[in-house]
Each structure stands twice: as C-alpha cells, then as structure tokens.
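The sequence shown begins at -8 in the numbering used here and counts up one residue at a time.
Note that beta-carbon positions come from the ideal geometry of N, C-alpha and C, so glycine has one too.
No experiment lies behind these values; they were computed from the predicted model shown.
Report on the structure given below.
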Amino acid sequence: EPFVADEYIERLAWRTPGGGSRGGEAFDPKRLLEEFVNHIQELQVMDERIQRKVEKLEQQCQKEAKEFAKKVQELQKSNQVAFQHFQELDEHISYVATKVCHLGDQLEGVNTPRQRAVEAQKLMKYFNEFLDGELKSDVFTNSEKIKEAADIIQKLHLIAQELPFDRFSEVKSKIASKYHDLECQLIQEFTSAQRRGEISRMREVAAVLLHFKGYSHCVDVYIKQCQEGAFLRNDVFEDAAILCQRVNKQVGEVFSNPETVLAKLIQNIFEVKLQIYVKDQLEEHRKSDAEQYLKNLYDLYTRTTNLSSKLMEFNLGTDKQTFLSKLIKSIFISYLENYIEVEIGYLKSRSAMILQRYYDSKNHQKRSIGTGGIQDLKERIRQRTNLPLGPSIDTHGETFLSQEVVVNLLQETKQAFERCHRLSDPSDLPKNAFRIFSMLVEFLCTEHIDYALETGLAGIPSSDSKNANLYFLDVVHQANTIFHLFDKQFNDHLMPLISSSPKLSECLQKKKDIIEQMEVKLDMGIDTLNCMIGQMKHILAAEQKKTDFKPEDENNVLIQYTNACVKVCSYVRKQVEKIRNSMDGKNVDTVLMELGVRFHRLIYEHLQQYSYSCMGGMLAICDVAEYRKCAKDFKIALVLQLFDTLHALCNLLVVAPDNLKQVCSGEQLANLDKNILHSFVQLRVDYRSARLARHFS
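Structure representation (structure tokens):
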C-alpha cells in the first residue's frame, strides 16, 4: 500500500499508552513525545542501514556492468577473427571450385571424343551386320529392346543417307527396311498402349517416334482412336467439346508438343465431323425451304462459334484466334457468300405472303395507290385544302391496319437482323442491315401503313354527307401505334449494326423521309375536320328551330338549352375524345385547336341567322354557355377565349337598352370591332325601336 504519513502517525499515537483517549485513559503528552523521539531514532538507524545496502548494491552493479562490457568486447574480437576465417575459407573454396570446374572441362574434353568413338564403334559394328546381311546383336533380336534398336536404326538411317548409292545400295535398302519395320512396330505398340490406357507407355513410345518420319502418323492414329465412340449423341457440338476437354488433359502427358497435337485434333473434328454434319443439315433445305435453311444456318453457325469460344481456353499455339476462325470459315464459306441474297429473297416473299393473307382474310383486293415524292403530296394538299374530296370509297369501317400483321413483319425482320449480325462479314454488316431495313420499309411502311392511309383518305366523306362515319381517325390511331413499334425496332435492332458506319446517315434520312411522307398524308386527313363541321351543320339545321329563340309564350319556357345544342355538344365531345385517342404529342393540340376554331366559327355564324326575343336571348346565352363547357374539353386556351367572347356577345341580346354602352365597353368586348357588336345588337327583335337604336348609336 502507498505510504501516508498522517495515517502512520495516527497509528503510532494510537498504539502508545496515553497517546489518545482510549478506555478513559488520560492523555500524556510527555509519554507521547518520548515515544515519537525514540521512533524517530529507530527510523534514522533504519535509514542508514538501508542506505548502506543501496550503496553496496550500486557498487556491485557497476562492477558487473564493467565485467559484462569487457566480455562483450572480447566476443566482438572473437567474431571479427571468425569472420576473417570465413572469408579466407570462402576464397579457398572458390579457388578449389575453379580448379574443379577446369578439371571437369578437361575431363569432358577427353571423355566426349571417347564416348563418340565408342558410339561410332558400336554403329560401325551394327552397320557391319547390315553389310554382312545377318543381324546377330541382341538389340535387334530381342523385342524388349525395341527402344534401343529404334535409336540405333534411326542413327544408321541418317548415316546411310550420306553414303553413295552405287556402292551401298544394298545396305541402304536393308537399313531402310529395318527402319520402316521398327517404325511400324512402334506405331503398333503405341496403338495397343492407347487402347489399354497405359499413358506412361504411350509417352515412352511417342518420345522414341519423335525422331522418326512416321511421328505424324502416330499423331494421326492417336487422333483417330480418340474419336472412337466419342460422337454417339445427337449433339455433335457438345460431343466435340467434351472430347477436346478430355484429350486436353491427356495430351500433355503423352506428347512433347501437346498444343500441336490438340490443334490437329480440333482441325480434324472441324474438317470431317462438323463439315459433314453442317452439309447434311443445310443441303437438305437449301433449295426447297429458305426459312428452315436460314434458321439452320444461323443455329449451326452460332453453335460452331460457341464451340470455338470454348476451345479458346486450350493452348493451341500462338495465334489460336486466327486458327479457329479459318476453320469456321472453311466450313461455312460456301453458305455465307450468298447469305444476304437468300435472306432478302426469303424476307420479301414472306412479307408479301403475310400481307396477302391478311387482305385475303378481309376479302379485299388491293388497288393501286398514288405514287410520288413529298413535293407531289404537298401539292395534292395545297389543291385539296378545305375542299371536298369528291366521291369517297366506303371502307365499311375497316382501317386495313393489323397489329398481328405488324408484329409478324417486325418479328421476321428482327430475326433477319439477328441472322445478319451473326452471319455477315463485319465489312458487309452495315450494307446488309440497310437492305433488310429497306425491305421492312417497303412492306410495313409503304405496302401496309401507307396503303391504309391512302385508303383512309379516299374513304373520307364529303363535308355535306349526312351521318358520315369518320374512320380515318381510327387509321391515324393505329398508324401512330404501329410507327412507334417500327421506331423501337429501328433503335433496338438496326442502330447497333450501323451506328459506326456511313450507312447510319442513309438510314436516318430514309426514316425521316418515311415520317415526313406519312405526316403529309395525315395532314391531308385534316379534311376529316370539314366532315365533323359538316355533321354539326346537319345537326343544327335539323334540330334548331326559329321559334327556339323567339318563343310564342315568353313566360312559359321550360328548357335550359335547346335540343340542337345538346346534340352538337354530345357529338363534339365524342370527336374530341376520338382525336385524343388517335394522336399524341403536339399533334393533339394542333388538331384540336383547328377543330375548336372551326367549331367556334360555325356557332358564331349559326347564331347570326336568328332573331332573339328577351327569353330567346336567354336561351342563346344558355346554349353558348353549354358550348363553352364543351370547349373546355379541348384544353386549348385560344378556343376557350373565343367562346368566352361569344358568350359576352350574347349578353347584348338581353341587356337593357340603357346598359348597352356599358356592356360594350366591358373588358371582353372593348377590343372588338364595332361592326361585330352592331351585328349582334341587330339580332334583337326590339332593335328597330327608336329607343334601342338611339342608345346603341
């Protein structure tokens, strides 16, 4: 525990008799002082004793430190001496090693010629046996020493080739015969070992055959036997991948050049197995069924390239990409050369069949439609704007547009784009994709959408037709939906194929021309608005009566607005909804604005035809209020403003004569021409009264 002086003094005083009030004892300061003095003396003696002990220990520590330092110095000296000895020993070892290497070189220089001489002597001995015509050596007669015999005969064969033919023709023939026999025996041994699955024996024989001319034949035998029983399933591509995977693990254990052997196996598979398989699959449909031929070609080419991708994992030499590409090209070259012609021919006939089947289902015979460029179409608009189209064609409500036909055409084209991407040469890809796109434009845009628009335009009734059905808006709606699908395919499937080629601008321009041509024809359909206005005129003419605004009994009018107003508003609301469903974007606002302005002009001119009593004027205001509610459905500010102004004008029909000037100077009428205001005031039945004329003037 830590030493605390106060507690120590307290304990000392407590232990001393008379040092504190303990048990009633009286406090004795003298005794306590005496005890303190004695205790201080004891502490001083103890301090001196401890101090002496500390000094002794310090002296001992200093002595041991000096001894330790001295010992360390001695060890350092010993270490330096040992290091010097090691350096001397290392120099000595290096010197001895140099001598040994020199001696080894001298021994090798003496031994190598000796070994060559011994080997030459043996070869001369074996050569002499061939020269005598009798092979006595055990190496030639013992079948177990075929490896040694092969080494000898291979060397003798090389020597024999250098000898003159006229003197050594017979011996050269014998050596060549033995060379051929041994080569055949080795290949047979290799074949047997492969069938038994003895990898070590195969490796041993292959190493011997490596120096023989028949080594390539050994590789051929290996490749042939590897394929025995490997192609038993229907999927030749999967079988080939499994075979190469298995051989890849084995070939490195057998041959010294495994990448060459594996490459030769793959070449054999491509040029034999796959070549035959592809030919059988394609030639069957090449001339009889273009659709199946294209599907098979795409499928086979895709599976072949997928197999090639798997084989890229193996070591096939330095440029395996080029090697595999050449193999694929050798199989498909004859089919890919004219692929795009087959594709275009099939797409053309297939698209024509889809369209014809649709028109046949409708019992419709296609008629010739007007042809010409954009300028010709614009001229046709200029000449026909706001004019009746003449005798119309009754389409019986048929738009001649089919989602099913469009989906089928787009699906066929999508598949064609996919095949084009896979089967076309990279340099020809943009050009081929453009040709497919042109087919789509011809059959979808021209033969189907454009034809439907032309037929729809021809079916628009004249503005004075009664109960006319405006099917052209249905054509517009379907054409709009179809073109969105066409645009999606353009972006999703065509753009990736041409995005980095000059054909991009050509395709974009062609698409722009198509859009402009269709928009021009849709603009021609503005005559539909004339028909709508014509229908409204018929309703007003049939339903509106002169007595509506000049009732016989002014005090007994029970209707809020006229029957003509109710029917016109109902008709207009239906047409507005139809326009919104048929179009999108800014086209909706543009058409609705045009319809709204014409609608306003019709009502304005219609109201000018009647005279109005006071109660009739109130009914006219109610009618215009209802027309204004209908105008709100247009959601066009200009149209609503026009009807607001018309509503304000109708107030002139009922306002008191004294208030006419005040009403005419109001916010909505102040900017109008005075003649317009006057024309409405003249419609009042009381206009001729001197008082009204005086107030208005």
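Under the three-state reduction of DSSP output, Tyr326 falls in the helix class.
Boundaries cannot be given for Pro493, as no alpha helix (DSSP H) includes it and DSSP labels it neither H nor E. Relative to Pro542, the option among Cys560, Tyr601, Tyr(-1), Leu288 whose CA is nearest is Tyr601. In this structure, the CA atom of Asp664 is about 35 Å from the CA atom of Arg571.
If you compare the alpha carbons of Leu598, Phe425, Arg426, Leu431 with that of Val398, the shortest gap goes to Leu431.
The residue among Cys52, Val630, Arg679, Lys286 with its C-alpha nearest the C-alpha of Tyr330 is Lys286. Counting C-beta pairs with one atom in each stretch, the region 623 to 631 and the region 643 to 653 have fewer than three that are closer than 8 Å, which means they do not touch.
Looking at the DSSP output, Tyr603 sits in a beta bridge with Arg675. With respect to the 8 Å criterion, Glu250 and Asn306 are classified as neighbours on the basis of their beta carbons.
Here the C-alpha atom of Leu291 lies approximately 46 Å from the C-alpha atom of Leu513.
DSSP, read as helix, strand or coil, puts Ala221 in coil. In this chain, the alpha helix (DSSP H) harbouring Asn423 covers 420 to 431. Counting along the chain, no alpha helix (DSSP H) covers Asn642, and no H or E run does either. Contact annotation, Ala424 with Leu346: C-beta distance approximately 22 Å; criterion of less than 8 Å not satisfied. For secondary structure counted as the alpha helix (DSSP H) over 4 or more consecutive residues, the region 6 to 44 holds no complete run.
Two segments are said to touch when three or more pairs of C-beta atoms, one from each, lie closer than 8 Å; by this definition the region 481 to 500 touches the region 407 to 419. For Glu189, the three-state secondary structure derived from DSSP is coil.
Only residues of its own chain outside the window of five on either side were considered, and among them Ala221 have a CB closer than 6 Å to the CB of Leu234, listed in chain order. The alpha-carbon separation between Arg224 and Asp478 amounts to approximately 44 Å.
When Gln42, Phe671, Tyr552, Trp5 are compared, the shortest CA-CA separation from Tyr603 is found for Phe671. The criterion of a C-beta distance shorter than 8 Å is satisfied by Phe181 and Ala197.
In terms of CA proximity to Gln394, His468 leads the group Lys339, Ile324, His468. Counting along the chain, the unbroken alpha helix (DSSP H) around Cys560 starts and ends at 554 to 573.
The continuous alpha helix (DSSP H) containing Glu445 extends over residues 442 to 449.
For the options Pro648, Gly308, Gln312, the alpha carbon positioned closest to that of Ser299 is the one of Gln312. Val396 is positioned such that its CB atom lies closer than 8 Å to that of His439. Assigned with DSSP and collapsed to three states, Arg413 falls in helix. Counting of Cβ neighbours within 10 angstroms places Gly188 among the exposed residues, the total staying below 16.
With 16 or more other Cβ atoms inside 10 Å of its own Cβ, Gln535 counts as buried. Contact annotation: Leu668 and Leu643 have beta-carbon atoms nearer than 8 Å. In chain order, Arg410, Arg413, Leu414 place their CB closer than 7 Å to the CB of Tyr289, counting only its own chain and leaving out the 5 sequence neighbours on each side. Under the criterion of beta carbons closer than 8 Å, Val242 and Leu253 qualify as touching, at roughly 5 Å. Note on geometry: alpha-carbon atoms of Gln67 and Gln53 lie some 21 Å from one another. Proximity to Leu660 across Arg679, His638, Val645 peaks at His638, based on C-alpha coordinates. At a Cβ-Cβ threshold of 8 Å, Val227 and Lys255 do not count as neighbours.
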